Amino acid sequence: MDNLISELKQISNSKKLTFPEKFYFSTDRKTIMGEITFKEILFLDYRDTEAGSNPREYNGLKKTNKVILQSLLSHAEMFKFLHSGIIISLTDVEISDTKQVIKYSDCCLTNGNQTRFIVLIITLLKLFSSNQNLSSINSKNYNSFVKNTFGDSPKILAILHRVSFSKISQVVAFLKDNTKYFNKFRDMELNSFLNLKVRIQVNPINFIISDLEEKLDEYSVGTMIAEANNDTQNVRTDDIFGNKYKMDLETYLFNIFNKINKDKVKIEYRFGEVSDGADKVHILTLLRPIIATGILTKEKKIFEYTNQRDPIYKTFEKLLRNKEKADKTIKVISQLIPSLYTIRKTYVAPELDLQKKNFQREYIGKATAGELSETIVAKQISSIKDEKEIEKIIKPHINYNIEHIFPVLIYRVRKLFNKSGTPEKIDFIVSEDKLPDFFRALIEAIYKKYIETKLGGLRSSLTTFARSKEFYEAGGETYIALKNAYHLKESDFIEKNKYLIE
Amino acid sequence: MLYTLSPEHQRMFEGRKSIKPDITLTDMSKATILKNHKQFENVIEKNIRYAQDIIADLPYKEKMPPDEKKMLIEALLLRACALWENYIEKEIVLLIDLDPSNLLNEFDLPKNTDVNPKLIRAIIFSDHYRDFHDIDRSMSFFDRVIVDKNNAFKKITKRRKEKINFIYKLRNYLAHYSEFSKINLLRAYKQEPYNYKRFLEPGSFLIKQKGKHFEDLVDNFKMSSIHMKTIFR
Chain H
1 MDNLISELKQ ISNSKKLTFP EKFYFSTDRK TIMGEITFKE ILFLDYRDTE
51 AGSNPREYNG LKKTNKVILQ SLLSHAEMFK FLHSGIIISL TDVEISDTKQ
101 VIKYSDCCLT NGNQTRFIVL IITLLKLFSS NQNLSSINSK NYNSFVKNTF
151 GDSPKILAIL HRVSFSKISQ VVAFLKDNTK YFNKFRDMEL NSFLNLKVRI
201 QVNPINFIIS DLEEKLDEYS VGTMIAEANN DTQNVRTDDI FGNKYKMDLE
251 TYLFNIFNKI NKDKVKIEYR FGEVSDGADK VHILTLLRPI IATGILTKEK
301 KIFEYTNQRD PIYKTFEKLL RNKEKADKTI KVISQLIPSL YTIRKTYVAP
351 ELDLQKKNFQ REYIGKATAG ELSETIVAKQ ISSIKDEKEI EKIIKPHINY
401 NIEHIFPVLI YRVRKLFNKS GTPEKIDFIV SEDKLPDFFR ALIEAIYKKY
451 IETKLGGLRS SLTTFARSKE FYEAGGETYI ALKNAYHLKE SDFIEKNKYL
501 IE
Chain S
1 MLYTLSPEHQ RMFEGRKSIK PDITLTDMSK ATILKNHKQF ENVIEKNIRY
51 AQDIIADLPY KEKMPPDEKK MLIEALLLRA CALWENYIEK EIVLLIDLDP
101 SNLLNEFDLP KNTDVNPKLI RAIIFSDHYR DFHDIDRSMS FFDRVIVDKN
151 NAFKKITKRR KEKINFIYKL RNYLAHYSEF SKINLLRAYK QEPYNYKRFL
201 EPGSFLIKQK GKHFEDLVDN FKMSSIHMKT IFR
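Structure follows, in structure tokens:
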């Protein structure tokens, strides 16, 4: 095993691909096709490289990936015929005279990333089980195995870092539950497995862009290829947007957030990309409440857009395309983002958590006292015999989605944001000592409306309600009462800095 | 027959020119009973919310050391038990007041005795100390002094009564720290639904899982009150 591990480390650092047989190299030098062994693809880069960035992370043992795993275990020899092959983009390609070696500077695995990760997980589990019992695997002994085996190879660790232990344990659980595949896995010889071949297409970016009329850099071409390769697949809009606009988002919208939260919170541009246990926040979480402030859209569009990811991304896409014209608004948004995130983290999330328990008690009490006769659960409650059943009926109606409630809260208080004397900061004009009570009262009013509507019977879906003007009116009276009690003076700051995206 | 309104009833009808003819004295007494429930439920809810705030480590508050949290939570549990006892004492009096015939019979008093809540309280509590927190143990007394149709204690379910008994094991240990109370509590910990193998100080037990046990046990008092109210539905 030690020899094999050394070989894998050497391959991962070599910046070259070695083919067992001659590959096809077109006369225009722009197409390379051939077959390559699994061990050559195990640690190929796929994100944020000069050769482009693949918008997809490994998404676990979902339907297609399970089929790939099954086929790798039960029809290993047939695999290259069952699989459509992988595609990679390379920069600074140099082709050996033998047409069996390609040297490069950067690589982006644009298609076949899921397959690569499954091959990698099988390899890791085989290596793990060569010294330890697979059934004893846990996060602690897995991490120490990785450290002991690959600790001296930063390149390999960077790729392994992208596969959380939960993804590894999905495969272990699958093997445990399926004796047939477990036996195949147990009997498999790792070296032979890693010498299995897969078809590969290589896009040599330096050759591709050499005679393009349009001047494009290697990264743009690589990313364009990666996105096109993934377009027909089930890639999340989030991942495509995050991947495409990462640089702009970092430079213009998340710049102040990153300055404030440096090393404390990592922004996730693609789902699952931050898997080291650090505090993370997804781009949508940061962008969504901006829509609720109304700084980018017409009033009536706020309700409709805030709870739909596509219009949110489209709005920001248009905003970033008009960076120069919308410069003032972009600056305000970059200041609003950390401020809104603080409100969410400090007040809204913990308060919702507490209020959920309060409402559960309240409504279980009401159901027991027979006070929910006008609701959709009345019939169910009247027919139950065991009081524990009441809890089971009520609890789902008290559950909430913070993404439904938080935007309404921000919509409600948006006129309380004002320009600050401190640069790169926005003031929220409620004094800090009053903030807990202020937000508690508003959240309670909005959350109550949410529950009452659910219990009253939704006319359509909960999502439709969450996007309705009716829901955005929740907390209105409470807001007026608080505004008067605390003598709050509304500001037109957001209104003045509006940039309407049609 | 001339009735004198209690100060509570007087407050209830303050500002009215007359008592509406459709409001009977039984309605008034029931309203007082429901008020007793409401007050008790509100104060228990406040107790739970205060405990949750302590346990939650809210980001905008200074973090409280675990030992302080445990002490406060234990104190809140003792307070909840005291509130429960106070509420039951009031409840018994008010339920008897709805129809005092059983009480008069139990204490060999003339059937035409003109009773009111104050007198009922005096009859029940003045001769010796009575404590009613253990509902099952007190049930035979309740049966003797409260007429069956008004005996709201019958509405408390077995599950609720078991939880009350458990919380009193915690309370007794906190009140005495005696070996006897400790053994009793450990025995209760070992049983369903907790199934613990070793003894845990009440504070540690109550703040576990973001205060889930505290909430469940103290809310049980409130839920018992809600169950009792259903007798007047």
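Keeping their order, the protein sequence lines are chains H and S.
So for the first sequence, my numbering puts the first residue at 1; every next one is plus one.
So for the second sequence, my numbering puts the first residue at 1; every next one is plus one.
Glycine is no exception: its CB is placed at the ideal position from the N, C-alpha and C atoms.
If you're wondering where the values come from, they're calculated on a predicted model, not measured in any experiment.
Item                                                                                                                        : Value
Assumed close pair Ser339 (chain H), Phe471 (chain H) - CB separation to whole angstroms, cut-off 8 Å                       : No, Ser339 (chain H) and Phe471 (chain H) are not in contact; Cβ-Cβ is about 23 Å, not under 8 Å.
Chain H residues whose Cβ lies nearer than 9 Å to that of Tyr60 (chain S)                                                   : Thr346, Tyr347, Pro350, Glu432, Leu435, Pro436
Helix, strand or coil at Pro204 (chain H) [DSSP, three-state]                                                               : strand
Those residues which DSSP pairs with Asp427 (chain H) across a bridge                                                       : H:Asn418
Met78 (chain H), buried or exposed, once every other Cβ within 10 Å from all chains shown has been counted against 16       : exposed
Own chain partners of Val146 (chain H) with C-beta closer than 7 Å, once the 5 adjacent residues on each side are dropped   : Leu160
Any chain H beta carbon closer than 7 Å to Leu72 (chain S)                                                                  : no
Opening and closing residue of the alpha helix (DSSP H) in which Lys318 (chain H) lies                                      : 309 to 321
Residues near Leu458 (chain H) in its chain [Cβ-Cβ closer than 7 Å; skip 5 each side]                                       : Phe465
Test: Gln52 (chain S) CB closer than 7 Å to a CB of chain H                                                                 : yes
Outcome for Glu7 (chain H) when other beta-carbon atoms lying within 10 angstroms are tallied against a minimum of 16       : exposed
Residues near Ile402 (chain H) in its chain [Cβ-Cβ closer than 8 Å; skip 5 each side]                                       : Arg344, Val348, Ala349, Leu352
7 Å Cβ cut-off: residues of chain S touching Leu340 (chain H)                                                               : What Leu340 (chain H) touches in chain S: nothing, since even the nearest Cβ is about 15 Å away.
CB contact below 7 Å: Arg130 (chain S) versus chain H                                                                       : no
Sub-7 Å separation of Leu94 (chain S) and Thr32 (chain S) beta-carbons                                                      : yes
The alpha helix (DSSP H) enclosing Glu268 (chain H), as first and last residue numbers                                      : Looking at the DSSP string, Glu268 (chain H) is not in any alpha helix (DSSP H); the run it does join, the beta strand (DSSP E), is 265 to 268.
Spatial distance of Lys454 (chain H) from His397 (chain H) (CA atoms)                                                       : 6 Å
Proximity winner among H:Glu391, H:Asp152, H:Ile36, relative to Gln10 (chain H) (alpha-carbon distances)                    : H:Asp152
Proximal chain S residues relative to Lys357 (chain H), where beta-carbon distance stays under 8 Å                          : Gln52, Glu215
Continuous beta strand (DSSP E) stretch holding Gly34 (chain H): start and end                                              : 32 to 37
Other residues of its chain near Lys259 (chain H): CB distance less than 7 Å, five sequence neighbours each side excluded   : none
Given Ile205 (chain H) as reference, the closest of H:Tyr486, H:Thr49, H:Glu490 once Cα atoms are compared                  : H:Thr49
Of the listed residues H:Thr18, H:Tyr313, H:Ala481, nearest to Ala445 (chain H) (C-alpha basis)                             : H:Ala481
Unbroken beta strand (DSSP E) run spanning Asp279 (chain H), endpoints                                                      : 279 to 282
Of the listed residues S:Pro66, S:Leu83, S:Leu77, S:Ile44, nearest to Leu174 (chain S) (C-alpha basis)                      : S:Leu77
Which residues DSSP lists as bridging Ile67 (chain H), in chain order                                                       : Looking at the sequence itself, residue 67 (chain H) is Val, so the reference to Ile does not match. For Val67 (chain H), which the question treats as bridged, DSSP gives no partner whatsoever.
Alpha-carbon spacing of Thr113 (chain S) relative to Ser29 (chain S), whole angstroms                                       : 18 Å
Segment contact, 8 Å Cβ cut-off, at least three pairs: the region 31 to 43 of chain H with the region 190 to 209 of chain H : yes
Glu7 (chain H) - DSSP class collapsed to helix/strand/coil                                                                  : helix
Where the beta strand (DSSP E) through Lys16 (chain H) begins and ends                                                      : 16 to 18
Within chain S, partners of Arg361 (chain H) - CB distance below 9 Å                                                        : Glu45, Ile48, Glu215, Asp219, Lys222, Met223
Through-space distance from Lys158 (chain S) to Val115 (chain S), alpha-carbon basis                                        : 33 Å
Asn47 (chain S) to Arg171 (chain S) span [Cα, whole Å]                                                                      : 16 Å
Alpha helix (DSSP H) segment containing Val101 (chain H), residue limits                                                    : Careful: Val101 (chain H) lies outside any alpha helix (DSSP H), inside the beta strand (DSSP E) at 101 to 103.
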